[in-house]
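Student:
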Amino acid sequence: MKEDALLEIKQHAGIYGCVECGRCVAVCPMADMYVNFSIAMSPRGIIKKALAGEDLIHDRNIWYCTECNAGTDVCPQGVSCRDLIRGLREMATAGDAMAEAKYCACCRKPFIAVPVEEFVFARLHNEPSNVFKILELCPSCRRELYLVRNA
Amino acid sequence: MTTYHTRFNGVRKHTTMSEPAREQTTVITLDELRPRAEEKKSFSEYFMPPRHPCILFDPQKCTGCGTCEMVCSERNVSKIAPLSASVKVLQDDREGKNFAILCQHCRHPLCLEACPTRAIEKGEDGIVRINKLFCVECGLCTMACPEAAPLRDEKTGGINKCDLCEGEPLCVQHCPENALTFTRGKAFRWIKGLRWTVQAISFLLLVIVFLGTFCYFKVGAVTLACPTGLLQNIASSRTIVLVGASSALALLILTVLAGRVFCGWVCPFGFILDLVGGIIPKKIGWPSFLKSRMIKYGVLAGAVGGSAALGFQAFCTICPIGSLCRSYGVQGVFRGAELAIVPTLASLEIAQRRAWCRYFCPVGAVLGLMANLGLIKIVIGANRCKKFSCQQCADVCPVGIIDRGLLREGVSPKIPMTECIMCMRCVDRCPYGAAKIRFRWQKGVPGIPGETRV
Numbered sequence: 003m004k005e006d007a008l009l010e011i012k013q014h015a016g017i018y019g020c021v022e023c024g025r026c027v028a029v030c031p032m033a034d035m036y037v038n039f040s041i042a043m044s045p046r047g048i049i050k051k052a053l054a055g056e057d058l059i060h061d062r063n064i065w066y067c068t069e070c071n072a073g074t075d076v077c078p079q080g081v082s083c084r085d086l087i088r089g090l091r092e093m094a095t096a097g098d099a100m101a102e103a104k105y106c107a108c109c110r111k112p113f114i115a116v117p118v119e120e121f122v123f124a125r126l127h128n129e130p131s132n133v134f135k136i137l138e139l140c141p142s143c144r145r146e147l148y149l150v151r152n153a
Numbered sequence: 379m380t381t382y383h384t385r386f387n388g389v390r391k392h393t394t395m396s397e398p399a400r401e402q403t404t405v406i407t408l409d410e411l412r413p414r415a416e417e418k419k420s421f422s423e424y425f426m427p428p429r430h431p432c433i434l435f436d437p438q439k440c441t442g443c444g445t446c447e448m449v450c451s452e453r454n455v456s457k458i459a460p461l462s463a464s465v466k467v468l469q470d471d472r473e474g475k476n477f478a479i480l481c482q483h484c485r486h487p488l489c490l491e492a493c494p495t496r497a498i499e500k501g502e503d504g505i506v507r508i509n510k511l512f513c514v515e516c517g518l519c520t521m522a523c524p525e526a527a528p529l530r531d532e533k534t535g536g537i538n539k540c541d542l543c544e545g546e547p548l549c550v551q552h553c554p555e556n557a558l559t560f561t562r563g564k565a566f567r568w569i570k571g572l573r574w575t576v577q578a579i580s581f582l583l584l585v586i587v588f589l590g591t592f593c594y595f596k597v598g599a600v601t602l603a604c605p606t607g608l609l610q611n612i613a614s615s616r617t618i619v620l621v622g623a624s625s626a627l628a629l630l631i632l633t634v635l636a637g638r639v640f641c642g643w644v645c646p647f648g649f650i651l652d653l654v655g656g657i658i659p660k661k662i663g664w665p666s667f668l669k670s671r672m673i674k675y676g677v678l679a680g681a682v683g684g685s686a687a688l689g690f691q692a693f694c695t696i697c698p699i700g701s702l703c704r705s706y707g708v709q710g711v712f713r714g715a716e717l718a719i720v721p722t723l724a725s726l727e728i729a730q731r732r733a734w735c736r737y738f739c740p741v742g743a744v745l746g747l748m749a750n751l752g753l754i755k756i757v758i759g760a761n762r763c764k765k766f767s768c769q770q771c772a773d774v775c776p777v778g779i780i781d782r783g784l785l786r787e788g789v790s791p792k793i794p795m796t797e798c799i800m801c802m803r804c805v806d807r808c809p810y811g812a813a814k815i816r817f818r819w820q821k822g823v824p825g826i827p828g829e830t831r832v
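Quick note, the sequences are listed as chains A and B, same order. So the number in the working numbering is just where the residue sits in the first sequence, counting from 1, plus 2. So the number in the working numbering is just where the residue sits in the second sequence, counting from 1, plus 378.
1) Is the shortest distance between the beta-carbon of Arg414(B) and the beta-carbons of chain A less than 8 Å?
2) Distance cutoff 8 Å, beta carbons only. Does Gly783(B) sit that close to anything in chain A?
3) Rounding to the nearest angstrom, what Cα-Cα distance links Ala343(B) and Ser142(A) in this structure?
4) If you measure from the beta carbon of Ala399(B) to each beta carbon in chain A, is any gap under 8 Å?
5) Measuring only between beta-carbons, confirm whether Ala812(B) sits less than 8 Å from chain A.
6) Give me the Cβ distance between Pro646(B) and Leu702(B), rounded to the nearest whole Å; I'm assuming they're in contact under 8 Å.
7) Looking only at its chain, what residues have a beta carbon closer than 7 Å to the beta carbon of Ala686(B), apart from the 5 residues adjacent to it on each side?
8) Against Arg151(A), what residues of chain B qualify as contacts under a CB-to-CB distance less than 8 Å, listed in chain order?
9) Applying the 10 Å Cβ sphere with the 16-neighbour rule, what's the burial state of Asp806(B)?
10) Buried or exposed, going by whether 16 or more other CB atoms sit within 10 Å of the CB of Val467(B)?
11) Identify each residue in the stretch 761-773 of chain B for which the Cβ-Cβ distance to at least one residue of chain A is less than 7 Å, and report them in chain order.
12) Counting Cβ pairs, one atom from each stretch, are 3 or more of them under 8 Å apart for the stretch 512-526 of chain B and the stretch 550-568 of chain B?
13) Helix, strand or coil: which one does DSSP assign to Met379(B)?
14) Would you mind sorting Gln177(A) into buried or exposed? The rule is 16 or more other CB atoms within 10 Å of its CB.
15) Please list, in chain order, the chain A residues whose beta carbon lies closer than 8 Å to that of Ile479(B).
16) Quick one: does Cys83(A) have its CB under 8 Å from some CB of chain B?
17) With distances taken between CB atoms, is the gap from Ile758(B) to Ala813(B) smaller than 8 Å?
18) Which residue or residues does DSSP assign as beta-bridge partners of Asp470(B)?
19) Under 8 Å Cβ to Cβ from Tyr18(A), same chain only, skipping five residues before and after it: list those, please.
20) Can you confirm whether the stretch 55-67 of chain A touches the stretch 86-95 of chain A when touching is taken to mean that 3 or more C-beta pairs between the two stretches lie within less than 8 Å?
21) Relative to the alpha-carbon of Arg731(B), which residue among Met795(B), Leu651(B) and Phe738(B) has its alpha-carbon at the smallest distance?
22) Round the Cβ separation of Gly73(A) and Pro45(A) to the nearest angstrom and send it over; I've been treating them as touching at under 8 Å.
23) If you run the structure through DSSP and keep just helix, strand and coil, what is Asn556(B)?
24) Compare the C-beta of Ile136(A) with all C-beta atoms of chain B and state if any pair is closer than 8 Å.
25) Restricting to Cα atoms, I'd like to know which of Glu447(B), Glu423(B), Thr796(B) and Arg414(B) is closest to Ala636(B).
26) Excluding the five sequence neighbours on either side, which residues of its own chain have a C-beta within less than 7 Å of the C-beta of Gly497(B), listed in chain order?
27) Using Cβ-Cβ distances below 9 Å, what residues of the stretch 743-760 of chain B are close to chain A?
28) Strictly under 8 Å for the Cβ-Cβ distance: is Lys510(B) near chain A by that measure?
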């Protein structure tokens, strides 16, 4: 059952077409974001592991991705690393695996990965501390909050 | 290198560096590749601030029709597709409320800080744009924005953000109810010049021209006295002099009518503090155990109690306003140690603006108690200003009573008139006329200035 779902995610992302050219790593914004950027957390590394059938759901490296679509745009085979990582994350949050997802304080849905949020917090370190209270909410809840307060 | 690098130092790996077989590669960071534009403030900007354009939204006029979304999406993707618009209209059907999420073009954009590829730029004209060449559509700008104004297109996955149509916004032109207003804000600030003039004149009069000064002076039949001095006088002599009481009443009545105008516009020591505070850079922080504004009431109680115990006006001997009037100026009574009081207390400005007035001044404490009963108040209509993205009122407030946290959440901050020194800097500075003086019993918030179409 779980293997079937995993296989479906992999096929939907089209990772079996990967030619390991590494263009996705060249455009990946994670290289600018994390100092400890390595092959293990790069899209190419994750796809390689997925092809080898390794256990990715319990891997912390899938939680660094920002879910941008830069890799798919340049991929000659149309492999969508975003869809792969999104599917893996959904399986991790649904199951009992170590899910490093950040849950919205209002609607209790996961909306961002913890390392990505840490990066955003670190970038905004000059801001007053009450900005982080707003960052606890997911974007749609933030907009709803503005609707309720200001309209 | 900024600090976010150091946060990850614990798990830092140098795979390329540590392997001896490979050559050492030079790593070019994004800072070197696309350096951030430095903020330059030209000399003329001190008098004439740049008038950056923005769109103001009036929620009471909005009907939630979504015309703005349609015209915006037509500009973005050349078809009517509200999902691809840079503006989002939210509807609350239960309460009949509508709200448009728009980019506010912040003074210090958080999205610009958070963007990992540095695709977001703030132009010279104040418009915050996403450079599509560098954008990878990761959505971190949406995560960093307090209003989540950069919108993710759910169909295509792209990020759309308002660029004000390069100065001629279509949504403003097509809004049927005029709920959206394109404005550049007001240009001229006349209160600033008026206040400095009044302060300088009153400084001249109180310190240099009139002998005997602010604490107690007499011109013909008119006598004026300092209310705090009077309190100490009563406490020390245990008698009430009616002439003195009525003369102290003049300042109190003025405070009830117009707030602590004395502190902001007349006080000669406040003038010195404003001058010094404008020049001295804020180097050190104010210690947190002294951050209570209640201290000044303690000082007042101590002054009155001290005079009752000692038999003379205890605080008046070290009062900076009094010592400024007595020992400086043409009358030339340079009185030794008293000279040191004003520079010592003025040096508190290195930590915070008007630190003495905020935390210690007992004269301000008496006036603050009266201003609390006062007739007027200052309101800031956060409903119709740029809220978190501007915060100029909080920047200029010398006593720091405008709550940035509330502004960031989009709520009108309530201004305690006990602390407000009525300098009217916020009224002067607000480009959109949201900060206004109102009577105490008036309700509602100021509207948008200049209800004109583009």
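Beta carbons are placed, not taken as given, at the ideal position from N, Cα and C, and that holds for glycine. Given the structure is predicted, the values throughout are model-derived calculations rather than measurements.
Tutor: Taking the geometry as given:
1) Along the second sequence, read from residue 1 onward, the residue named residue 414(B) stands at position 36. No - not a single Cβ of chain A is within 8 Å of the one on Arg414(B).
2) For the purposes of this step, residue 783(B) is identified with residue 405 of the second sequence, where counting begins at 1. Closer than 8 Å: yes.
3) Lying before the first or after the last residue shown, residue 343(B) is absent from chain B, which here runs from 379 to 832.
4) As a working mapping, residue 399(B) is identified with position 21 in the second sequence. At Ala399(B), the pLDDT of 49 sits below 50, so the modelled position is not reliable and the matter cannot be decided from this model.
5) Indexing the second sequence from 1 puts residue 812(B) at position 434. False, the Cβ-Cβ gap to chain A never drops below 8 Å.
6) Counting from one through the second sequence, the residue named residue 646(B) turns up at place 268. Counting from one through the second sequence, the residue named residue 702(B) turns up at place 324. With a Cβ gap of about 6 Å, Pro646(B) and Leu702(B) count as contacting.
7) Your numbering for residue 686(B) matches position 308 in the second sequence. Ala613 and Ser614.
8) For the purposes of this step, residue 151(A) is taken as the residue at position 149 of the first sequence. Glu787, Gly788 and Val789, listed in chain order.
9) Position 428 of the second sequence, counted from the first residue, corresponds to residue 806(B). With 16 or more other Cβ atoms inside 10 Å of its own Cβ, Asp806(B) counts as buried.
10) By 1-based counting over the second sequence, the position of residue 467(B) is 89. Classification for Val467(B): buried.
11) The stretch 761-773 of chain B vs chain A, Cβ under 7 Å: Asn761.
12) no
13) Position 1 of the second sequence, counted from the start, is the residue given in the question as residue 379(B). At Met379(B) the pLDDT is 37, less than 50, meaning the model places this residue with poor confidence; the figure from the coordinates comes in the next sentence. Coil at Met379(B), not helix or strand.
14) No answer is possible for residue 177(A): it lies beyond the span of chain A, which begins at 3 and ends at 153.
15) Translated into the one-based positions of the second sequence, residue 479(B) becomes position 101. Arg145 and Tyr148, listed in chain order.
16) What you label residue 83(A) is simply residue 81 of the first sequence in a count that begins at 1. Output row for Cys83(A): interface = no.
17) Working through the second sequence from its first residue, we reach residue 758(B) at position 380. Working through the second sequence from its first residue, we reach residue 813(B) at position 435. In contact: Ile758(B) and Ala813(B) (Cβ atoms closer than 8 Å).
18) Looking up residue 470(B) in the second sequence gives position 92. Lys475(B), per the DSSP bridge assignment.
19) The residue given as residue 18(A) occupies position 16 in the first sequence. Lys12 and Leu53.
20) yes
21) On the second sequence, position 353 is the one that residue 731(B) refers to. If we check each option's Cα against that of Arg731(B), Leu651(B) comes out closest.
22) In the first sequence, counting from the first residue as 1, residue 73(A) sits at position 71. In the first sequence, counting from the first residue as 1, residue 45(A) sits at position 43. At roughly 5 Å, the Cβ-Cβ gap stays under 8 Å, so Gly73(A) and Pro45(A) are in contact.
23) Position 178 of the second sequence, counting from 1, holds the residue named residue 556(B). Asn556(B) falls in the coil class under three-state DSSP.
24) The residue given as residue 136(A) occupies position 134 in the first sequence. Taking Cβ atoms only, chain B reaches closer than 8 Å to Ile136(A), which makes this a yes.
25) The sequence position of residue 636(B) within the second sequence is 258, counting from 1. If we check each option's Cα against that of Ala636(B), Thr796(B) comes out closest.
26) The sequence position of residue 497(B) within the second sequence is 119, counting from 1. Residue identity differs from the one stated: residue 497(B) is Ala in this sequence, not Gly. So the list reads Ile508, Asn509, Phe512 and Cys513, once near-sequence residues are dropped.
27) Ala760
28) Sequence index remark: in the second sequence, residue 510(B) carries index 132 (1-based). So no, Lys510(B) is outside the interface.
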